[in-house]
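Residue numbers (my numbering), protein chains in the order written: chain A, 1 to 169; chain B, 1001 to 1759; chain C, 2001 to 2280.
Here the structure comes first, spelled out in structure tokens, and everything after it is commentary.
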Amino acid sequence: MRASTDPHGKGVTMDVTAIVNGVERTADVEPRVLLVHWLRDELGLTGTNVGCDTSSCGACTVLIDGRSAKACNLFAVQVDGSDITTIEGLAIDGELHPMQQAFHECHALQCGYCTPGMVMAAVSLIDEYPDLGDRGVRVGLEGNLCRCTGYQNIVHAVLQAAGEQERHP
Amino acid sequence: MTDVATHRRTGAPRVGESAPRPDGVAKVQGRFAFSSDLFAENLLWGQTIRSPHAHARIIDIDIREALSLPGVHAVLTADDVPGELHYGLEHQDQPVLAADVVRYFGEPVALVAADHPETARRAAAAVVVSYEPLTPLVDSALAAQADPIHPDGNVLRTLTIRHGDLDATAAVVVEGTYEVGMQDQAFMGPESGMALPSADGGVELFVSTQWLHADRRQVAGCLGLPEDMVRITLAGVGGAFGAREDLSLHVHLCLLSQHTGRPVKMVYRRPESFVGHVHRHPARMWYRHHADTDGTLVKVEARLLLDGGAYASSSLAVIANATCFAAGPYRVPHADIEGTVVRTNNPPCGAMRGFGAVQSCFAHEAQMDKLAAALALDPVELRRRNALATGDTLVTGQVITGAAPVAEVIDACASHPLPDLAAVDEQPMMHRPGGAGRTADAHHVRRATGFALGFKNLLFSEGFDDYSSAVCRLENGAVTITCACAEVGQGFVTLAQQIAREELGIDEIVLAPAETATVGSAGSTSASRQSWMSGGAVQAACRAVRGRVLQQVARRRGVALDGLVLRDGIIESLDGSVRVDLADAVDGPIEETAEYHHRPTQPLDENGQGDAHVSFAFAAHRAVVDVDPELGLVRVHDMTTAQDVGRVLNPLQAIGQIEGGTAQGVGLAVMEELIVEDGIIKNRSFTDYLIPTTLDMPTVRIAALIEEPEPDAPFGAKGIGEPPTISSTPAIVAALRAATGLELTRVPVRPQDIALPRS
Amino acid sequence: MSNVVVPTTLDEALALLAADPQLSPLAGGTDFMVEVNHGARRPVRVLALRAVAELRGWRRDGDVLVIGAGCTYVSMADPAFAVAAPALAQAARTIGSPQIRNVGTIGGNLATASPAGDTLPVLMALGARVEVASTEGTRTLAVDELITGVKRTVLHPAELITSVRIPVARGPQEFCKIGTRNAMVISAAGIAVVLDREAHTVGCGLGSVTAAPVRATDAETFAAEAIDWSTLRAGAGTTERFGTLAADAATPIDDHRSTAAYRRHAIGVMARRALERCLS
């Protein structure tokens, strides 16, 4: 990482290099820029939403080196050298990730604002714990708020994606 | 015509089937554009300067320093509003920008536009507003007598219902006082939008909203422009629940854009969102129920006081609902009910899912349980004995002519198998009251059940000319539907396609963007009205197109019009002589516009009597709660519900609405409240305004969707969004009362209300 | 204009801090960034500690557990960690959500010095020692020496918390906390109870009910004497009395999260239950 003065006179900027959705991205970033704003405003990855600014809602969840993190909670310069996956990086060659497919089929969304973060958290959860029941999915998604669905269809979708039969609590 | 079979229906879902959302694939991929994702070249960023006081006189606003900052393009105050200085949904009393006095914490005072959001925030901080603080009026009980805090006075509306014999009484009388706290809609996507100057000197606004044409009327008025110079397009909406029915940043964005000649975008952060929209009215309610010894209700007396906050918003309609439905879905021959909504220096309140019925349902259901206890009668049985049915008369004198399967709703919900009431031991600690906090061992937990019934009106009431518009265009075999109905997540886009497929038999239905320039008003996405109203408009437009197609075919083929039928996209004559694909049947495009009105309603008279409502929907909930009485912590273990839906148009979507609506009722019951002290909101964040998480929501079990078709409604379908939010809260509190023996007269029920009931 | 520096070694970090008094250390950012986002904190320059390897993880050093200041809450879910420090593992699990536990650190919890910091009552109950370093050298502090009030510490601008040392568990431990939601909630009251079967002592730390971390010393002394250490049993009324004494040590306030009366009550109930769980 290297510091330099921004050509637009915005002050000091720093080089950030990160793999974002499989592509190496290098950019001059103002140090104060949050990861979520770098993703949204500089890289145009607007699928990652901002819901609360207090790391409470999970709408901005992305994967950093495979683990879920809230992108409103990190400066972009902190992820220098990391591997980042956003919602835009899940589908491969236009084919939905099984988690995306399950959310769509199970009506696990209404307004859809929480959906990208919820899907990313769910992908991370199933990756770490493939063998979860209804309760386990609920425990694992405690960090992602949804105001539309009451979560039930989200739990169905995650279980479907995990290839599990739903176990009633 | 041998090839028509290949054009036949390929299985795209129609009315009654679980069609997938047309926006679902984009939403799961993060490609759906929300209003916060808007961008234009040459974009400026807006920021709002807001009052830090609940009540104060503005002495001076000094914008010089802010204007001098590099990158700042505009700083505007009330002096810069070219048109009407006030706006409002029903009553035009809210300033676009406060001029001489601020009446609530967070009221907009000035605006900034700059070339970077951070610059805009700094410029906003550099605007110096000098205030002379005034004593805020924050006690709704004192508002009517207090000095007016607004030229229009402090009493927004009082509605009196006098029905039957006001002196009637009966053998058993129960009385109680109840309170509901201020709930927030807490949609996930904070307010945002973008305005652009248009070539004709007007403005284009892209915004997340619930009612495009009501926005246009108010925006145009404040800008001093004719309505056709204001074009509003729906941008992706991150939830609404009533909070987007009023204007928020709409006029502000347009003012900044008009002033700078550039596109301007604004995105509220969460703390600003909490002061940027209206909330659910806090309520104080006194009730007295009179019943015979067999449980037959004789009279209901009630006095309701709602705190409207600083401006009217939709308070006038909210108090009408709270008052009209104050007695609950029961036969009540005599009623003496008065509802008042007042103005205070608290945050403005307006629409939220359930709209007035939520508050009174909490009270009337507590009263019904109290009455059942006094009569030593089963609470469900008491409700069954008094349940409304078609042909019964409401306390407003209105006879219910439509479907009212209240007894069926009660029976279905109450008879659904209960979960194991003794199985607390099997719950892992995380799923007990206190959850992740590890506070409860199994033997600390009591499990109990509660039951509640609720209802409300569908569509707008009291003589409002309520309608929706839609355009159907058939061209080269493809159908495009244009409707200004705001899709806020409820799934109208899915239903519109299903309805068009049903009427025309064509699978591919394109939905044009919802905007003001191409179609008339669809009315508001509220009051559980869009499936009925905009669904009705889409149906009517499609039928009009179908009629013209059949006419053309009849004329051209020389067959009788009444001998032609359209089925699965194929026009056939009964005699078999004609068989043609709809796509090939006509030359050139056919376009029809329809305006759908529901049957007219009447205003209420001075005794609160009149046919003020179109239709009613009913729901029941049975809650099973686990409570740790010593710590006052709660976990809702099970919610079972039955609902009167008329007809299910899309089962997955209907159930999704019921689950989500129930969750908002769970929130009001046990955690959700904006804490307001001296007019200041203390918990303007998702850290401290708590909504249910995955671990707070139980599985919602649907005992039954009662399908008794509503005679007036398209396809017989009733709106379904609101009833789940009405009866869920009182069912939970009933269960908490059963578990603890406490009165619990206030929601949300806080831990100390259970653990330290006398403190 | 703010700036962020991202050192990779502790020496580098300390040198940067020594050279620049306006450099704000940033660990997981779960408190810090919220304040930045809300404009409550406008750091001039930021020292991001995420890449400093020496601060990460934990190790066992005989009877002592040495926890790096950069050890994340999710690392404390490791079964080996939970055996050595059960109450700390429990407390770490109650914090935030998976996303927060993936980045939040014990050093950040200490440096933020919020009364609601969930690891603080455990560290108090355990008599933890906090190692603080600068280019001038290191010093070791108790948690209540480090934290003197609400969000107030004795750290100098050039000092960094580097590690926390706690004794490996020698008896049952319990942590619990009150939130008005069943997950992802800031504590309205919290408590840790730690029994040492060899030293025959009881530790009891309180959370969210005092401005600076405290131990309920009267409760600790009472319980240590009341417990039959050979059987881990205690006479009738012991746990109730322990709860009362713990509640007496609380000096809570009314705020938008709860009331003083409820917080004191909850401390009493949780103390009793925690000790009940610890006794056989």
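Glycine included, each C-beta is placed from N, C-alpha and C at the ideal position.
Computed from a predicted model, the values in this text were never measured in an experiment.
With 8 Å set as the bound, which would you pick, yes or no: does the beta-carbon of Arg2241/C sit closer than that to a beta-carbon of chain A?
Indexing the third sequence from 1 puts residue 2241/C at position 241. Not one chain A Cβ lies under 8 Å of Arg2241/C.
Given a limit of 9 Å on CB to CB distance, which residues of the stretch 128 to 157 of chain A reach chain B?
Asp134, Arg135, Val137, Arg138, Val139, Gly140, Leu141, Glu142, Gly143, Asn144, Leu145, Cys146, Arg147, Cys148, Thr149, Gly150, Tyr151, Gln152, Asn153, Ile154 and Val155: these are the residues of the stretch 128 to 157 of chain A whose beta carbon lies less than 9 Å from some beta carbon of chain B, given in chain order.
Residue nearest to Met1533/B in terms of C-alpha spacing, selected from Ala1478/B, His1213/B, Leu1458/B and Gly1477/B
Here residue 1533/B corresponds to residue number 533 of the second sequence, with the count starting at 1. Of the candidates Ala1478/B, His1213/B, Leu1458/B and Gly1477/B, the one whose C-alpha sits nearest the C-alpha of Met1533/B is Leu1458/B.
Enumerate in chain order the residues of its own chain whose CB-to-CB distance from Met1001/B is below 7 Å, with the five nearest sequence positions on each side excluded.
Translated into positions along the second sequence, residue 1001/B becomes position 1. Note that Met1001/B scores 35 on pLDDT, short of 50, meaning its location in the model is unreliable and no value can be drawn from it.
Quick one: measure Cβ to Cβ for Asp1626/B and Arg1432/B, integer angstroms, because I've assumed they're closer than 8 Å.
One-based indexing of the second sequence puts residue 1626/B at position 626. One-based indexing of the second sequence puts residue 1432/B at position 432. A Cβ-Cβ separation of about 6 Å places Asp1626/B in contact with Arg1432/B under the 8 Å criterion.
Can you name the residues of chain C whose CB is closer than 8 Å to the CB of Thr1693/B?
Reading the second sequence from its first residue, position 693 is the one you call residue 1693/B. By Cβ distance, chain C contributes Arg2181, Asn2182, Ala2183 and Met2184.
In three-state terms, what does DSSP make of Arg1384/B?
In the second sequence, the residue the question calls residue 1384/B occupies position 384. Residue state, collapsed to three classes: helix.
Between the CA atoms of Asp80/A and Ser2134/C - distance to the nearest angstrom
Taking the third sequence and counting its residues from 1, the one referred to as residue 2134/C is at position 134. Taking the first sequence and counting its residues from 1, the one referred to as residue 80/A is at position 80. Rounded to whole angstroms, the separation of the alpha carbons of Asp80/A and Ser2134/C is 26 Å.
Which stretch, first to last residue, makes up the beta strand (DSSP E) that contains Cys2204/C?
Numbered from its first residue, the third sequence carries residue 2204/C at position 204. Unbroken beta strand (DSSP E) run through Cys2204/C: Thr2201 to Gly2207.
Below 6 Å CB to CB, which residues in the same chain sit around Ile1400/B once its five sequence neighbours on both sides are set aside?
For the purposes of this step, residue 1400/B is taken as the residue at position 400 of the second sequence. Cβ within range, chain order: Thr1390 and Asp1392.
Close Cβ partners of Ala1768/B (< 6 Å) along its chain, the five nearest in sequence each way excluded
Residue 1768/B lies beyond the residue range present for chain B, which begins at 1001 and ends at 1759; the question has no answer from this structure.
Name, going along the chain, the residues of the stretch 81 to 93 of chain A whose beta-carbon falls closer than 7 Å to a beta-carbon of chain C.
Going along the stretch 81 to 93 of chain A in chain order, one finds no residue with a Cβ nearer than 7 Å to chain C.
Minimum Cβ-Cβ distance from Arg1269/B to chain A less than 8 Å
Start at 1 with the first residue of the second sequence, and residue 1269/B comes out as number 269. So, interface residue.
For Pro2025/C versus Leu2049/C, is the C-beta distance shorter than 8 Å?
Working through the third sequence from its first residue, we reach residue 2025/C at position 25. Working through the third sequence from its first residue, we reach residue 2049/C at position 49. Taking 8 Å as the Cβ cut-off, Pro2025/C and Leu2049/C qualify as a contacting pair.
Could you give the C-beta distance for Val77/A and Met14/A, rounded to a whole number, given that I count them as a contact under 8 Å?
Along the first sequence, one-based indexing puts residue 77/A at 77. Along the first sequence, one-based indexing puts residue 14/A at 14. Contact between Val77/A and Met14/A holds: their C-beta atoms lie close to 5 Å from each other, under 8 Å.
For His1416/B, which of Thr1740/B, His1621/B and Trp1045/B has the nearest alpha-carbon?
In the second sequence, the residue the question calls residue 1416/B occupies position 416. Ranking the options by Cα distance to His1416/B, first place goes to His1621/B.
Contacts around Val1267/B, its chain only, beta-carbon distance under 7 Å, and the 5 residues preceding and following it disregarded:
Stepping through the second sequence from its first residue, residue 1267/B is reached at position 267. Closer than 7 Å at Cβ, skipping near neighbours: Ser1036, Pro1190 and Ser1192.
Excluding five sequence neighbours on each side, which residues of the same chain lie with their C-beta closer than 7 Å to the C-beta of Ser1526/B?
Against the second sequence, residue 1526/B aligns to sequence position 526. Excluding residues up to 5 positions away in sequence, Gln1210, Gly1242, Glu1245 and Ala1351 lie with their Cβ nearer than 7 Å to the Cβ of Ser1526/B in the same chain.
Taking only three categories from DSSP, how would you classify Met120/A?
Your numbering for residue 120/A matches position 120 in the first sequence. Three-state DSSP puts Met120/A in a helix.
Hey, how far is the Cα of Leu2298/C from the Cα of Ala1422/B?
Absent from the model: residue 2298/C. The displayed extent of chain C is 2001 to 2280, so no value can be given.
Closest by CA to Ser1315/B, which one among Arg1231/B, Gln1218/B and Asn1154/B?
Within the second sequence, residue 1315/B is the residue found at index 315, counting from 1. Of the listed residues, the one whose Cα sits closest to Ser1315/B is Asn1154/B.
What does a CB cutoff of less than 8 Å around Pro1419/B pick up in its chain, not counting 5 residues either side in sequence?
Stepping through the second sequence from its first residue, residue 1419/B is reached at position 419. Result list for Pro1419/B: Val1624, His1637 and Asp1638, in chain order.
Residue closest to Glu1338/B, alpha-carbon to alpha-carbon, out of Thr1158/B, Phe1355/B and Asp1587/B:
Residue 1338/B sits at position 338 when you count from the first residue of the second sequence. Of all alpha-carbon atoms in Thr1158/B, Phe1355/B and Asp1587/B, the one lying nearest the alpha-carbon of Glu1338/B is that of Thr1158/B.
Return helix, strand or coil for Lys1718/B, following the three-state DSSP convention.
Your numbering for residue 1718/B matches position 718 in the second sequence. Coil at Lys1718/B, not helix or strand.
Taking C-alpha atoms, which residue in Ser1521/B, Leu1582/B, Ile1499/B and Gly1450/B lies nearest to Ile1732/B?
Here residue 1732/B refers to the residue found at position 732 of the second sequence. Ranking Ser1521/B, Leu1582/B, Ile1499/B and Gly1450/B by Cα distance to Ile1732/B puts Gly1450/B first.
Neighbourhood of Met2001/C by C-beta, 6 Å cutoff - its chain only, sequence neighbours within 5 removed
Sequence index remark: in the third sequence, residue 2001/C carries index 1 (1-based). Because the pLDDT at Met2001/C is just 36, under 50, the model does not fix this residue reliably, and the point stays unresolved.
For chain B, find out if any of its Cβ atoms is closer than 8 Å to the Cβ of Ala2261/C; answer yes or no.
For the purposes of this step, residue 2261/C is taken as the residue at position 261 of the third sequence. Using beta-carbon distances, Ala2261/C counts as an interface residue toward chain B, with a partner under 8 Å.
CB contact below 8 Å: Thr2140/C versus chain A:
Position 140 of the third sequence, counted from the first residue, corresponds to residue 2140/C. Not closer than 8 Å to any Cβ of chain A, the Cβ of Thr2140/C fails to qualify, so no.
Chain C partners of Arg67/A, CB-CB under 7 Å?
To locate residue 67/A, count along the first sequence from 1; it is residue 67. Taking a Cβ-Cβ threshold of 7 Å, the residues of chain C close to Arg67/A are Asn2102, in chain order.
Are the CB atoms of Val1230/B and Ala1214/B nearer to each other than 8 Å?
Residue 1230/B sits at position 230 when you count from the first residue of the second sequence. Residue 1214/B sits at position 214 when you count from the first residue of the second sequence. One thing to note: Val1230/B has its Cβ no nearer than 8 Å to the Cβ of Ala1214/B.
Assign Gln1145/B to one of two classes, buried (16 or more other C-beta atoms within 10 Å of its C-beta) or exposed (fewer than that).
Working through the second sequence from its first residue, we reach residue 1145/B at position 145. Around the beta carbon of Gln1145/B, fewer than 16 other beta carbons sit within 10 angstroms, so the residue counts as exposed.
If we define contact as Cβ-Cβ less than 8 Å, is Asp41/A a contact residue for chain C?
As a working mapping, residue 41/A is identified with position 41 in the first sequence. Asp41/A does not count as touching chain C.
Count the other CB atoms within 10 Å of the CB of Ile1570/B; is the residue buried (16 or more) or exposed (fewer)?
As a working note, residue 1570/B is residue 570 in the second sequence. By the neighbour-count definition (other C-beta atoms within 10 Å, threshold 16), Ile1570/B is a buried residue.
Contacts around Asp1294/B, its chain only, beta-carbon distance under 6 Å, and the 5 residues preceding and following it disregarded:
Residue mapping note: residue 1294/B aligns to position 294 of the second sequence, counting from 1. Counting only Cβ-Cβ distances below 6 Å, and skipping sequence neighbours, we find nothing.
4 or more residues per run - each alpha helix (DSSP H) lying fully within the stretch 1088 to 1141 of chain B
Whole alpha helix (DSSP H) segments, 4+ residues: 1117 to 1126.
So, Ala1335/B versus Ile1161/B, is the Cβ gap smaller than 8 Å?
Taking the first residue of the second sequence as 1, we reach residue 1335/B at position 335. Taking the first residue of the second sequence as 1, we reach residue 1161/B at position 161. Cβ distance < 8 Å, so Ala1335/B and Ile1161/B count as in contact.
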